[in-house]
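Peer 1:
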Amino acid sequence: MAAKKATKKPNVSGEELKEYYREMLLIRRFEEKAGQLYGMGLIGGFCHLYIGQEAVVVGLEAAAEEGDKRLTSYRDHGHMLACGMDPNGVMAELTGREGGYSKGKGGSMHMFSSEKHFYGGHGIVGAQVPIGAGLAFSDKYKKNNSVTFTYFGDGAANQGQVYETFNMAALWDLPVIFVIENNQYAMGTAQQRSTSSPDIYVRGEAFGIPGEIVDGMDVLAVKEAGEKAVMHCRAGKGPYILEVKTYRYRGHSMSDPAKYRTREEVQRVREERDPIERVREMLLTGKHASEEDLKAIDKDIKKIVNESAEFAKSSPEPAVSELYTDILA
Amino acid sequence: MAIEILMPALSPTMEEGTLAKWLVKAGDTVSSGDIIAEIETDKATMEFEAVDEGVIGHILVPEGTENVKVNVAIATLLEDGEEAGAAPAPSAATEAPAPAAEPAPATPAAVSEAVPVMNLAPDWPEGTELKQQTVREALRDAMAEEMRSNEDVFLMGEEVAEYQGAYKISQGMLDEFGSQRVIDTPITEHGFAGIAVGAAFGGLNPIVEFMTFNFAMQAIDQIINSAAKTLYMSGGQMGCPIVFRGPNGAAARVGAQHSQDYAAWYAQIPGLKVVMPYSASDAKGLLKSAIRDPNPVIFLENEILYGRSFDVPVLDDFTVEIGKARVWREGEDVTLVSFGIGMQYALEAADRLAEDGISAEVIDLRSLRPIDYDTVLASVMKTNRCVTVEEGFPVGSIGNHLSATIMERAFDYLDAPVINCAGKDVPMPYAANLEKLALVTTDEVVAAVKQVTYR
Chain X
551 MAAKKATKKP NVSGEELKEY YREMLLIRRF EEKAGQLYGM GLIGGFCHLY IGQEAVVVGL
611 EAAAEEGDKR LTSYRDHGHM LACGMDPNGV MAELTGREGG YSKGKGGSMH MFSSEKHFYG
671 GHGIVGAQVP IGAGLAFSDK YKKNNSVTFT YFGDGAANQG QVYETFNMAA LWDLPVIFVI
731 ENNQYAMGTA QQRSTSSPDI YVRGEAFGIP GEIVDGMDVL AVKEAGEKAV MHCRAGKGPY
791 ILEVKTYRYR GHSMSDPAKY RTREEVQRVR EERDPIERVR EMLLTGKHAS EEDLKAIDKD
851 IKKIVNESAE FAKSSPEPAV SELYTDILA
Chain L
-6 MAIEILMPAL SPTMEEGTLA KWLVKAGDTV SSGDIIAEIE TDKATMEFEA VDEGVIGHIL
54 VPEGTENVKV NVAIATLLED GEEAGAAPAP SAATEAPAPA AEPAPATPAA VSEAVPVMNL
114 APDWPEGTEL KQQTVREALR DAMAEEMRSN EDVFLMGEEV AEYQGAYKIS QGMLDEFGSQ
174 RVIDTPITEH GFAGIAVGAA FGGLNPIVEF MTFNFAMQAI DQIINSAAKT LYMSGGQMGC
234 PIVFRGPNGA AARVGAQHSQ DYAAWYAQIP GLKVVMPYSA SDAKGLLKSA IRDPNPVIFL
294 ENEILYGRSF DVPVLDDFTV EIGKARVWRE GEDVTLVSFG IGMQYALEAA DRLAEDGISA
354 EVIDLRSLRP IDYDTVLASV MKTNRCVTVE EGFPVGSIGN HLSATIMERA FDYLDAPVIN
414 CAGKDVPMPY AANLEKLALV TTDEVVAAVK QVTYR
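Chains as they are written, first to last, in the working numbering: chain X, 551 to 879; chain L, -6 to 448.
(1) Under a three-way DSSP split, which group does GLY776 of chain X fall into?
(2) Any beta carbon from chain L within less than 9 Å of LYS568 of chain X's own beta carbon?
(3) Need the endpoints of the alpha helix (DSSP H) that SER744 of chain X sits in, please.
(4) Count the other C-beta atoms from every protein chain shown that fall within 10 angstroms of the C-beta of GLN250 of chain L, then say buried if there are 16 or more, exposed otherwise.
(5) Would you report the Cα separation of LYS555 of chain X and GLY776 of chain X, rounded to the nearest angstrom?
(6) With PRO306 of chain L as the anchor, note down where its beta strand (DSSP E) starts and where it stops.
(7) Taking any Cβ of chain X, which residues in the region 417 to 436 of chain L have a Cβ under 7 Å from it, in chain order?
(8) Under a Cβ-count criterion, where at least 16 other Cβ atoms within 10 Å of its own Cβ denotes burial, should ASN207 of chain L be classed as buried or exposed?
(9) Assuming ALA30 of chain L and LEU16 of chain L are in contact, meaning their beta carbons sit under 8 Å apart, how far apart are those beta carbons, in whole angstroms?
(10) Out of L:VAL236, L:ALA257, L:ARG378, which one is the CA nearest neighbour of LEU279 of chain L?
(11) Starting from GLU762 of chain X, follow its DSSP beta bridges and name the residues at the other end.
(12) Would ASN717 of chain X pass as an interface residue toward chain A - the criterion being a Cβ-Cβ separation below 9 Å?
(13) Does the distance from the C-beta atom of THR381 of chain L to that of SER390 of chain L stay below 9 Å?
(14) Does the region 685 to 696 of chain X come within contact of the region 719 to 730 of chain X, defined as at least 3 CB pairs closer than 8 Å?
(15) Determine the chain X residues that contact ASP450 of chain L at a beta-carbon separation under 8 Å, and present them in chain order.
(16) Comparing C-alpha positions only, which one of L:PRO199, L:MET231, L:LYS222, L:GLY184 sits nearest to ALA209 of chain L?
(17) Interface residues of chain L around ARG820 of chain X at Cβ under 9 Å?
(18) Hey, is ASP636 of chain X's beta-carbon within less than 9 Å of any beta-carbon in chain L?
(19) Using a Cβ-Cβ cut-off of 9 Å, state whether LEU(-1) of chain L counts as contacting chain X.
(20) Are the CB atoms of TYR751 of chain X and LEU721 of chain X within a distance shorter than 9 Å?
(21) Measuring only between beta-carbons, confirm whether MET210 of chain L sits less than 9 Å from chain X.
(22) Say whether the region 601 to 619 of chain X touches the region 764 to 780 of chain X, bearing in mind that this needs 3 or more beta-carbon pairs closer than 8 Å, one atom from each stretch.
(23) Am I right that VAL190 of chain L and ALA220 of chain L are in contact with their C-beta atoms under 8 Å? What's the rounded C-beta distance?
(24) Since SER623 of chain X and GLY703 of chain X are thought to touch, with beta carbons under 8 Å apart, how far apart are those beta carbons, to the nearest angstrom?
(25) Apply the 10 Å Cβ neighbour rule to LYS277 of chain L and answer buried if 16 or more other Cβ atoms are within range, or exposed otherwise.
(26) GLU294 of chain L: which of L:ASP310, L:ALA192, L:PRO199, L:LEU361 sits nearest, CA to CA?
(27) List, in order along the chain, the chain X residues whose C-beta lies closer than 9 Å to that of PHE170 of chain L?
(28) Could you spell out where the alpha helix (DSSP H) holding TYR570 of chain X opens and where it closes?
(29) Measuring straight from C-alpha to C-alpha, what distance separates VAL562 of chain X and GLU569 of chain X?
(30) For GLN125 of chain L, which beta-bridge partners are listed by DSSP?
(31) Ignoring anything shorter than 3 residues or poking outside the region 306 to 363 of chain L, list the beta strand (DSSP E) runs there in chain order.
(32) Quick one, which of L:GLU8, L:THR22, L:LYS36, L:GLU56 has its alpha-carbon nearest PRO807 of chain X's?
(33) Out of L:GLY57, L:GLY50, L:VAL63, state which residue places its alpha-carbon closest to the alpha-carbon of MET7 of chain L.
(34) Classify ALA785 of chain X as buried or exposed, calling it buried when 16 or more other Cβ atoms lie within 10 Å of its own Cβ.
(35) Go ahead and label MET551 of chain X buried or exposed: buried means 16 or more other beta carbons lie within 10 angstroms of its beta carbon, across all protein chains shown.
(36) Which whole-angstrom value describes the C-beta separation of ALA409 of chain L and ARG378 of chain L, a residue pair presumed to lie in contact below a C-beta threshold of 8 Å?
This is the structure we're talking about:
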């Protein structure tokens, strides 16, 4: 993999590092719990877990400022937690309850928060890409200097509308960061079986959009790249592409037996490149935190996640009258 | 206390499965993410991972067991320092909450007990000064007026700016509003429709011109999945105030790919509003309403009508409410319901029928979502006969839908079956004679009326 080496001397405080650890751990424990609730039949339909990819959203959110926007595909739980949405509201949406972000009417793939500038949660592969550029268009039109993080996967990168969007984003200098979360598998199809070039960000060159590869298992490398991209966009230089090489440990969705890759491959990434373990080690060797400190964080996260599960189970189903609300404004 | 490991549901439809293989045994230490068993569902063999960490206490369901119900305890997991103790009896499945079996409330728009009342209120006050204007000019005036009063309204599409509009609808607008608000796009309908939807989510009010609605098929995913459904999917948080407009339906001799009426397609989608004006005053009044509407509005125009002139009221701010039909002509013997260019055939037919002593009431729906059912039903209850007229394909048409509604709500009033006059069930041919045959004609409307009036 041509990913960048880990940042040698992180320009980051122990407190910040601890915060990233905490946020990544929250996503992982939340997703494990979601998987468990799915197994119990409390979550229905499709449920796409973000386990393994945590450093991507946590690193990029560290580079974002108030007013910046973000949107992604259907693998969206991590993005919502990272931008500060309430775990209770997210989990209750997964169980289809009234207390969910969409009152139970959206589900795992369709959640939004105007307060946190989270614009979904999109179930059609690639459809969020022009929408993200459109959000950036609105920022440019209103001259408010915000940027939009538009996340999509290596699978979505083969949709035509992505390139229609690249063209217009470059043509109109839209302040949009295209974040390609390359987890190497488009559902069950490995990247080399679906994509003509090993790196996807190079496709931006055809449109004059600069980009780079980022090690998505290293939260500090992601943050650094994010800051660079944000600076580029805020300077009015148009879009930027970050191809973040990452890996999902779980199947595409809960019903994916994942026979397209070996158990050893997954295990190797877990053991050698896990983004949370990496920060944990940095915290310990850098003496930013003791084992006890980390245990306390673990305990705290477990509590938040358990509470979200309790909330998601006890929140009532939406009232039947909700069937006919929110169709028209 | 030992944690029970439950038989998991591993697909949206799984209710039971085979516990094919245990990969751990009692006494093994597991941590979160370790694969502990293989489970066969009806679709595949899945690996089952531990969620919590601990030591396996007892295996409750041996490997090879078939038809293990979801949520039955299959093993126990001991936490730090806990003893295995005696194996508990396998528990019954913990039932996941069954979906509420409450009856759905009735559709707000569906069967109501109230007697339908016809909407005869005029669109403008009596005595208002009128001027003759083409549909083309009326559309431009509507956009320009709304752009003058709201900075967040902008127009984007192919050739809308420097070329002054492929059909000259946006003539002069670039000069007045500048290139920030009148935006030429590349030929990339899917992409710019998506960008416009995003801009609407971001708080702007885009008007998207499709050079024709045939090309909007490239963008239909963004129109339906993104624009129409997001308000509902977000629990009311995020609406999409956008207008998609452009010519729709057959023009003349442009062949199958450029001659389709999409009225029935869009009218089917909850979350959209759909309008299809016939006259210039409706084009103006409805477009202004559409631009102000907080919802996505599909605004279907017609190339042949662009150059046609009608009376338009001279008012500072003239709007027509979406969802309100217009009665063009009152009559006693039959109700003709149409919209868009279909109105041309309906009105011509009414003139000819009058010569034969048949008095036709002619209703222009103008809006196809929501539909003004009350005006149609009240008219049918008066005339006891109905013929619908549209240019679109005959299967799953607006006329089909109206027939069903009339049957459900006014069956006892009908003296004859409702007849739907529509385009023919063929792709549009190029040859002049065949194209004429493929479209609905005034003759067909007259014949249908004679049939339902038994003349």
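Using N, Cα and C, we set each Cβ at its ideal position, and we do this for glycine too.
Peer 2: Reading from the atomic positions:
(1) Your numbering for residue 776 of chain X matches position 226 in the first sequence. Three-state DSSP puts GLY776 of chain X in a helix.
(2) One-based indexing of the first sequence puts residue 568 of chain X at position 18. It does not; no Cβ of chain L falls within 9 Å.
(3) Residue 744 of chain X sits at position 194 when you count from the first residue of the first sequence. Looking at the DSSP string, the run of the alpha helix (DSSP H) that includes SER744 of chain X is 741 to 744.
(4) Here residue 250 of chain L refers to the residue found at position 257 when the second sequence is read from its first residue. The residue in question, GLN250 of chain L, is exposed, as its Cβ has fewer than 16 Cβ neighbours within 10 Å.
(5) Here the question's residue 555 of chain X lines up with position 5 in the first sequence. Here the question's residue 776 of chain X lines up with position 226 in the first sequence. The pLDDT assigned to LYS555 of chain X is 48, lower than 50, so where the model puts this residue is not dependable; a value taken from the coordinates is nonetheless given after this. In a straight line, the C-alpha of LYS555 of chain X is about 16 Å away from that of GLY776 of chain X.
(6) On the second sequence, position 313 is the one that residue 306 of chain L refers to. Here the beta strand (DSSP E) through PRO306 of chain L covers 302 to 306.
(7) none
(8) Locating residue 207 of chain L in the second sequence gives position 214, where the first residue counts as 1. Counting Cβ neighbours within 10 Å, ASN207 of chain L comes out buried, since at least 16 surround it.
(9) Along the second sequence, read from residue 1 onward, the residue named residue 30 of chain L stands at position 37. Along the second sequence, read from residue 1 onward, the residue named residue 16 of chain L stands at position 23. Their Cβ separation, rounded to whole angstroms, is 6 Å, which keeps ALA30 of chain L and LEU16 of chain L in contact under 8 Å.
(10) The residue given as residue 279 of chain L occupies position 286 in the second sequence. Checking every option, the nearest Cα to that of LEU279 of chain L belongs to L:VAL236.
(11) Working through the first sequence from its first residue, we reach residue 762 of chain X at position 212. Its beta-bridge partners are X:LEU792.
(12) The chain labelled as chain A is not found among the protein chains of the depicted structure, namely X and L.
(13) The sequence position of residue 381 of chain L within the second sequence is 388, counting from 1. The sequence position of residue 390 of chain L within the second sequence is 397, counting from 1. Yes. Within cutoff.
(14) yes
(15) Nothing can be reported for residue 450 of chain L, as the shown portion of chain L is limited to -6 through 448.
(16) By one-based count along the second sequence, residue 209 of chain L stands at place 216. For ALA209 of chain L, the nearest C-alpha among the options comes from L:GLY184.
(17) Sequence index remark: in the first sequence, residue 820 of chain X carries index 270 (1-based). Residues of chain L passing the Cβ test: GLY26.
(18) Translated into the one-based positions of the first sequence, residue 636 of chain X becomes position 86. No, no contact with chain L.
(19) Against the second sequence, residue -1 of chain L aligns to sequence position 6. LEU(-1) of chain L counts as touching chain X.
(20) Start at 1 with the first residue of the first sequence, and residue 721 of chain X comes out as number 171. Start at 1 with the first residue of the first sequence, and residue 751 of chain X comes out as number 201. Result no, Cβ atoms of LEU721 of chain X and TYR751 of chain X do not sit closer than 9 Å.
(21) By one-based count along the second sequence, residue 210 of chain L stands at place 217. Closer than 9 Å: no.
(22) yes
(23) Residue mapping note: residue 190 of chain L aligns to position 197 of the second sequence, counting from 1. Residue mapping note: residue 220 of chain L aligns to position 227 of the second sequence, counting from 1. With 8 Å as the limit, VAL190 of chain L and ALA220 of chain L qualify as a contact, their Cβ atoms being about 5 Å apart.
(24) Sequence index remark: in the first sequence, residue 623 of chain X carries index 73 (1-based). Sequence index remark: in the first sequence, residue 703 of chain X carries index 153 (1-based). Their Cβ separation, rounded to whole angstroms, is 6 Å, which keeps SER623 of chain X and GLY703 of chain X in contact under 8 Å.
(25) As a first step, residue 277 of chain L must be located in the second sequence, where it is residue number 284. The residue in question, LYS277 of chain L, is buried, as its Cβ has 16 or more Cβ neighbours within 10 Å.
(26) For the purposes of this step, residue 294 of chain L is taken as the residue at position 301 of the second sequence. Of the candidates L:ASP310, L:ALA192, L:PRO199, L:LEU361, the one whose C-alpha sits nearest the C-alpha of GLU294 of chain L is L:LEU361.
(27) The residue you call residue 170 of chain L lines up with position 177 of the second sequence. The premise fails here: PHE170 of chain L is roughly 13 Å from chain X at the closest Cβ pair, so nothing lies under 9 Å.
(28) By one-based count along the first sequence, residue 570 of chain X stands at place 20. Start and end: 564 to 589.
(29) Counted from its first residue, the first sequence places residue 562 of chain X at position 12. Counted from its first residue, the first sequence places residue 569 of chain X at position 19. The alpha-carbon atoms of VAL562 of chain X and GLU569 of chain X are separated by roughly 11 Å.
(30) If you number the second sequence from 1, residue 125 of chain L lands on position 132. Looking at the DSSP assignment, GLN125 of chain L forms a beta bridge with L:ASP304.
(31) 319 to 322, 327 to 331, 353 to 357, 360 to 362
(32) Numbered from its first residue, the first sequence carries residue 807 of chain X at position 257. The shortest C-alpha separation from PRO807 of chain X is found at L:LYS36.
(33) By one-based count along the second sequence, residue 7 of chain L stands at place 14. Among L:GLY57, L:GLY50, L:VAL63, the Cα nearest to that of MET7 of chain L is on L:VAL63.
(34) The count along the first sequence starts at 1 and reaches residue 785 of chain X at position 235. Its Cβ having fewer than 16 others within 10 Å, ALA785 of chain X is exposed.
(35) For this step, residue 551 of chain X is matched to residue 1 along the first sequence. Legend: pLDDT at MET551 of chain X = 43, less than 50; position of this residue unreliable, value from coordinates given subsequently. MET551 of chain X is exposed by the Cβ-count criterion.
(36) Your numbering for residue 409 of chain L matches position 416 in the second sequence. Your numbering for residue 378 of chain L matches position 385 in the second sequence. Between ARG378 of chain L and ALA409 of chain L the Cβ distance is about 5 Å, and since that is below 8 Å, they are a contact.
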